[in-house]
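One structure below.
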Amino acid sequence: MRNLISLLVILFIGSFWACQPSGDENQKSAEMVDSTESAEATVEFDSALAAEYGADQYGMKKYVIAFLKRGPNRDRDSAESAALQRAHLLNIERMAEEGTLVLAGPFFGNDDLRGIYVFDVPS
Numbered sequence: 001m002r003n004l005i006s007l008l009v010i011l012f013i014g015s016f017w018a019c020q021p022s023g024d025e026n027q028k029s030a031e032m033v034d035s036t037e038s039a040e041a042t043v044e045f046d047s048a049l050a051a052e053y054g055a056d057q058y059g060m061k062k063y064v065i066a067f068l069k070r071g072p073n074r075d076r077d078s079a080e081s082a083a084l085q086r087a088h089l090l091n092i093e094r095m096a097e098e099g100t101l102v103l104a105g106p107f108f109g110n111d112d113l114r115g116i117y118v119f120d121v122p123s
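Going by this note's numbering, the letters in the sequence shown line up with residues 1 to 123, in that order.
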């Protein structure tokens, strides 16, 4: 029992020692912080660019998010399902070309939430 406790203590201390960052990693972290701070100091707000994108005085812009849920009508034949999927993809393409759709994508798995849309519209 005493040997087991000694072994566990050695393993416990060894795991702490093995998880400590080396001197090179500490130096790299400090360099990254320094470069980030200097980059942040040079960033300036561009009000003309914000206005071009339709952003407010803080450079922020509102978007509308829509989640696609699995519907109750799931008993379609394969031809009808393929036609619906094609129409869905054409609609996504049309909205993207219009500039109203910023992002669209599926959620994987068998959950009720099936996808997401992010729209660039007033409401």
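Ideal Cβ placement from N, Cα and C applies to all residues, glycine included.
Within a 10 Å sphere around the beta-carbon of Leu-84 sit fewer than 16 other beta-carbons, which makes this residue exposed.
Linking Val-43 to Leu-8 through their CA atoms gives a straight-line distance of about 52 angstroms. With a beta-carbon spacing of about 6 angstroms, Leu-113 and Phe-67 fall inside the 8 angstroms limit used to define contacts. Excluding residues up to 5 positions away in sequence, Phe-67, Leu-68, Ala-104, Gly-105, Pro-106 and Phe-107 lie with their Cβ nearer than 8 angstroms to the Cβ of Gly-115 in the same chain.
For Arg-86, the uninterrupted alpha helix (DSSP H) run begins and ends at 78-98, by DSSP. For Phe-67, the three-state secondary structure derived from DSSP is strand. Following the DSSP letters along the chain, one finds Ala-55 in no beta strand (DSSP E), marked with neither H nor E. Per DSSP, Gly-105 is one residue of the beta strand (DSSP E) stretching across 101-106. DSSP places Val-118 in the uninterrupted beta strand (DSSP E) bounded by 113-119.
Burial state of Leu-101 is buried, judged by a 10 Å Cβ sphere holding 16 or more other Cβ atoms. Contact between Tyr-63 and Asp-120 holds: their C-beta atoms lie close to 6 angstroms from each other, under 8 angstroms. Excluding sequence positions up to five before and after Ile-65, its CB lies within less than 6 angstroms of the CB of Val-118, all in the same chain and listed in chain order. Straight-line measurement puts the Cα of Pro-122 at about 25 angstroms from the Cα of Ala-87.
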